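Working notes for the structure below.
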Amino acid sequence: MAGKFFFIDTTRCTACRGCQIACKQYKKHSASKTKQYGSYQNPLDLDGNTFRLVRFSEHPSKENSMVWYFFTEACRHCLKPPCKKKVDQIKKDAIIVNEFGAVLYTEKMKGLEKSSKAIKQACPWSIPNWSKEEKQMVKCNMCYDRVEAGLPTACAKACPTGALNFGDEADMKKLAQERLAAVKKKFGGRGEILDLEDVRALYLIIDEQAKYRPVA
Amino acid sequence: MTNHWIDIRNSDCILIMGSNAAENHPISMKWVGKAMDKGATLISVDPRFTRTSSKADIYAPLRSGTDIAFLGGMMNYILSNNKFHKEYAANYTNASFIVGSEFDFKDGLFAGYDPKKKKYDKSKWAFEKDGNGVPKRDLTLKDPRCVFQLMKKHYSRYTPKTVSSITGTPEKDLKKVWEPYAKTGAADKTGTIMYAMGWTQHTVGVQNIRMMAMIQLLLGNMGRPGGGVNALRGESNVQGSTDHCLLFHILPGYLKTPRASNDSLAAYNKKWTPKTSDPLSANWWGNTPKYSVSFLKSMFGEAATQENNFGYSWLPKIDDGKTYSWLDIFDEMYQGKFKGFFAWGQNPACSGANSNKTRQAMAKLDWMVNVNIFDNETASFWKGPGMKPDEIKTEVFFLPCYTSVEKEGSITNSGRWMQWRYAASKPPRGCKSDGDIMVELFEKVRELYETDGKFPEPIKNMRWDYVKDGKFDAHAIAKLVNGYFEKDATVKGKSFKKGTLVPSFAYLLDDGSTSSGNWLYCNSYTEKGNMAARREKKDPTGMGLYPEWSWCWPVNRRIIYNRASVDLNGKPWSANKNILEYKDGKWVGDVPDGGWPPMSNKEKTKRPFIMKPDGVASVFGPGRADGPLPEHYEPLECPVPKNLMSSQRMNPVAPVYGTEADAHLSCDPRFPFVGTTYRVTEHWQTGILTRWQPWLLETQPQLFVEMSNELAKLKGINNGDMCKVSSARGKVEAVAMVTGRFKPMTVQGLTVHQVGLPWCFGWIYPKDGGDSANLLTPSTGDPNTRIPETKAFMVNVEKLGKRRA
């Protein structure tokens, strides 16, 4: 199964947060009451209503004095999802993978509150969260209804700069390789694609991964 | 914009300065990215390392309010290293013109300064003319009195060392910016500037932009793809509202507002129609009488006749020498000189400089009407912080209206595209469109004038045939904006019947045969249809002009001054920058800026800058209030005791207001830090539209103040602490955002700290969101435009409370 992939070119992201808002808008999620914590990033992390979040990370740099990295984070839709492996031990097929490769949390996930921590920990990036409203673990569902109707995900549709791309595996992998080559040329050999063999959300970054997002 | 959004992709070097495009114009970065894919360099110059800077190849900091010094240094670099495009500069600009012997510049002042009136006598800056009245020129640019040599002398004072000492930009960073940008002086390269309110909102706002325009002209970047001077407008339709006379000094189409001394139509046309004695100058503004009469016909219809000077006496006049800008209006309102006020689609309690003064001013009114989509700090000013509702006499009427997407009409974007939009959704019950509110209001006023009222003629004779059954019709208005033949007429060998839409402004007449609400938009709605509604994706030049997508003023010309994109023989300066070419006796490509043959045809040609009386672009600008050459002056409030360039500390002709609400303190230990204001992606202007939107509010919930790690340490402030930020005029509470993206600067040997705040919050909602950053900003501004100086002022920052959980 070829399925769909995301390709996220962090070098093109300007952190407009169109993807973060488009996700909430399409899914009609309510907003949380937040505070200004001394950062542009808000909410502070993914939560029951936030399936996609742009992370802001600034670091001193020799060139231009600073770097400010933006990382739009959501479920990677793993090819072999560890969350599914974990949940299958508790309730078989509560998590399914659809024909496009979307890892979907079904209704059967309801009532697994006691296992929520274990499910979260099963994810290498701690993506899923407990939703009080849904009474189950939740995360990005790759806008499966849009995709079945031939549309891109809401987040990809909203991206103005070409940072967040969505499409068929071959197209996304081709784009990723083209951009990797261009980025390496521009940034003196720096640049890598994360987890190429394992996930359906390919990230192109030009610095240590830990400078983009907290690493467990 | 002289160019347009898509055209940014054609650039080799993009300077974003006075703008944070990634933050405030996010989609522009798509085109910046496309240029960078082809190898373009992106430069970000900003006091703060921004979202834009994060994408830039080169970043340089500067102190707010010192852009002329920064760019003056670049001009010096370009001139002293021969990086300019000589053929372009000599032929297409006034660099070769000889300046009259009365012109002088001494210690920060140009010739003709009257210290009592704080005004210049601009006649001292005139060019020397030959016996035929044509300015004298030296195309070798060697005459010591030619503009080029005067400019060279003027900017030789802006050495890297001096500039660095003023701007706080390290010398090595200055060169890092100047060198790559100056390379666009090569014929096969173009550079562009993307600027916004970071340049305009200063006491030297106009000269900031002129300085860059001069650089663009000397590098040969004007009129060319990937070049130009590109203002990123602060709202989607600011360009449109400016074109249609948002400002006090202009009527639609940039015709001048009549002054009291223009006591007849003939006097008005004589005063405001520029003349030229140069046979090579098209002097397009020479057509002013055709446009002013057509405008009067659109205002007064059949009542406007040759006999009554087309109703000229019914137009309002402004007093000579008096200004009526935002700053002036609120100054007078504060002094109790106004009875009523329409705050229409705006929130002055938060949006204008010096909000305390603005809010107090509104308390002196008898009545105010606020037309808006949500309650806001203006409509409810009387119950705002520090107000005593019992003591305020102002009666406020709030009229809820449609949003922009609930009605049909056009907007004109920064790239001058007039784009027609259909109504996307139904408005809530109880609201009205702005157009319908105006129609009802006017019809009521006219009814009152039927029985009573002084000087009823302008009201009673107002043309009203485009309003049907008391309803606003966007198509009918758009057609009148374009203009009609008001009687059968023959123009340029073509016959037109009465009632026909005028095909373009070249057909407008000054005898009352035509109407046009805005000559610049004549050609936008013709017998061929509504040009702004077109959505064809053809791109014949391959340069992204898309000539059949919407419509662009003037006459669908996508890049203005485009005849400067070719050499004297009509060939593009470089083959890779071809938007227009003279081939086999005609122009191919964009709509040319005048159809005359190229300059090598000395019999029939006209110079390319047709809107200027001399046909060339003004690197020397003798029409500005504050001098023909930009000069660095410090802001009204600054952190240094003197201006390193001269003993004129601030712009000598900038307006300074004198009420007790206008306190200002420069170099005062109580307010030691430079402050600036800006916007965030997540909120729109004062936040009226966006603060009520939960998803957006979630991302930017509260006022913050960004400051450097060093300043935070100095003041004992931790990231997330509550702070008080204060100026001589007001104070706000804000959450500290401590960041390496602001850094202390060394200015005249002193360490200068700078902080910044967004101005999208207000007390009304959310209750814990903080108030407007404009409570801090001063009422002073640019002497040409009177835009307020909200980008550079002095503040203090103190810790109020602990870091939030």
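Protein sequences, first through last, are from chains B and V.
What the first sequence shows, in the working numbering, is residues 1 to 216, in sequence order.
What the second sequence shows, in the working numbering, is residues 217 to 1021, in sequence order.
Backbone N, C-alpha and C define an ideal beta-carbon position, used for all residues, glycine too.
Since this is a predicted model, take the numbers as computed values, not measurements.
Cα-Cα separation between F100 of chain B and L204 of chain B, rounded to whole angstroms:
22 Å
Which residues does DSSP list as the beta-bridge partners of H241 of chain V?
Paired residue(s): none; H241 of chain V is not in a bridge.
Any beta carbon from chain B within less than 9 Å of Y741 of chain V's own beta carbon?
No, its Cβ sits nowhere closer than 9 Å to a Cβ of chain B.
L434 of chain V in three-state terms, based on DSSP:
helix
Is G3 of chain B near E169 of chain B, with beta carbons less than 9 Å apart?
yes
Beta carbon of N925 of chain V nearer than 9 Å to that of T955 of chain V
yes
Quick check on DSSP: helix, strand or coil for T309 of chain V?
strand
Kindly say whether T383 of chain V, judged by its beta-carbon, lies nearer than 9 Å to any beta-carbon of chain B.
no
To the nearest angstrom, how far is the alpha carbon of Q901 of chain V from that of Y894 of chain V?
Rounded to whole angstroms, Q901 of chain V to Y894 of chain V spans 9 Å at the Cα level.
Buried versus exposed, by CB contacts within 10 Å (16 or more), S126 of chain B
exposed
Count the other C-beta atoms from every protein chain shown that fall within 10 angstroms of the C-beta of L278 of chain V, then say buried if there are 16 or more, exposed otherwise.
Label assigned to L278 of chain V: buried.
Rounded straight-line distance, which links the Cα of M923 of chain V to that of S480 of chain V:
57 Å
Against chain B: residues of the region 256-271 of chain V by CB proximity under 9 Å
Hits within the stretch, in order: S260, F265, T266, R267, T268, S269, S270, K271.
Does any C-beta atom of chain V lie closer than 9 Å to the C-beta of F19 of chain B?
The sequence as given places Cys at residue 19 of chain B; Phe does not occur at that position. False, the Cβ-Cβ gap to chain V never drops below 9 Å.
Restricting to Cα atoms, I'd like to know which of V:K538, V:P532, V:I232, V:T967 is closest to I425 of chain V.
Closest in C-alpha terms to I425 of chain V, from the list V:K538, V:P532, V:I232, V:T967, comes V:I232.
Distance, V138 of chain B Cα to P82 of chain B Cα:
Their backbone Cα atoms lie some 15 Å apart in a straight line.
Select from V:K822, V:A595, V:N524, V:M252 the residue whose C-alpha is nearest the C-alpha of T565 of chain V.
The amino acid occupying residue 565 of chain V in the given sequence is Ala; Thr does not appear at that position. Among V:K822, V:A595, V:N524, V:M252, the Cα nearest to that of A565 of chain V belongs to V:A595.
Since M438 of chain V contacts T218 of chain V with CB under 8 Å, what's their CB separation in whole angstroms?
7 Å
Please tell me whether H848 of chain V and M861 of chain V are closer than 9 Å, where the distance is taken between their beta carbons.
yes
Consider the Cβ of P82 of chain B: report whether some Cβ of chain V lies at a distance smaller than 9 Å.
no
Would you please verify whether the beta carbon of I232 of chain V is less than 9 Å from any beta carbon of chain B?
no
Give me the Cα-Cα distance between A1021 of chain V and G38 of chain B, rounded to the nearest whole angstrom.
Legend: pLDDT at A1021 of chain V = 46, less than 50; position of this residue unreliable, value from coordinates given subsequently. When rounded, the distance between both Cα atoms is 11 Å.
Taking all protein chains shown into account, decide if A950 of chain V is buried (16 or more other Cβ within 10 angstroms of its Cβ) or exposed.
Counting Cβ neighbours within 10 Å, A950 of chain V comes out buried, since at least 16 surround it.
Run down chain B in chain order and give the residues with a C-beta less than 8 Å from the C-beta of N446 of chain V.
Within chain B, no residue comes near N446 of chain V; the closest Cβ sits about 18 Å away, beyond 8 Å.
Find the nearest neighbour of D809 of chain V within the set V:N817, V:L664, V:L796, V:D800, judged by alpha-carbon distance.
V:L796
Residue nearest to G281 of chain V in terms of C-alpha spacing, selected from V:C362, V:K1007, V:T628
V:K1007
Does V1011 of chain V come out as helix, strand or coil in the three-state DSSP assignment?
strand
On the criterion of 16 or more Cβ atoms from any shown chain inside 10 Å, does N129 of chain B qualify as buried, or is it exposed?
Burial state of N129 of chain B is buried, judged by a 10 Å Cβ sphere holding 16 or more other Cβ atoms.
Under 9 Å, Cβ to Cβ, is there at least one residue of chain B near P396 of chain V?
no
Proximal residues, the region 889-902 of chain V versus chain B, C-beta separation under 9 Å
V896, T897, E898
Would you mind working out which of V:F300, V:S514, V:A482 sits nearest A311 of chain V, comparing C-alpha positions?
V:F300
Residues in its own chain within less than 6 Å of I1003 of chain V by CB, not counting five upstream and five downstream?
Taken in chain order, the residues that qualify are T416, Q417, G421, G997.
Please classify D364 of chain V: does DSSP put it in a helix, a strand, or coil?
According to the sequence as given, residue 364 of chain V is Phe; it is not Asp. Looking at F364 of chain V - three-state DSSP - the assignment turns out to be helix.
When you check each C-beta in the region 452-468 of chain V against every C-beta of chain B, which residues fall closer than 7 Å?
none
Report yes if the C-beta distance between T408 of chain V and G289 of chain V is below 9 Å; otherwise report no.
no
Assuming V921 of chain V contacts L973 of chain V under a Cβ cut-off of 8 Å, what Cβ separation, rounded to an integer in Å, is found between them?
About 5 Å; that satisfies the 8 Å criterion.
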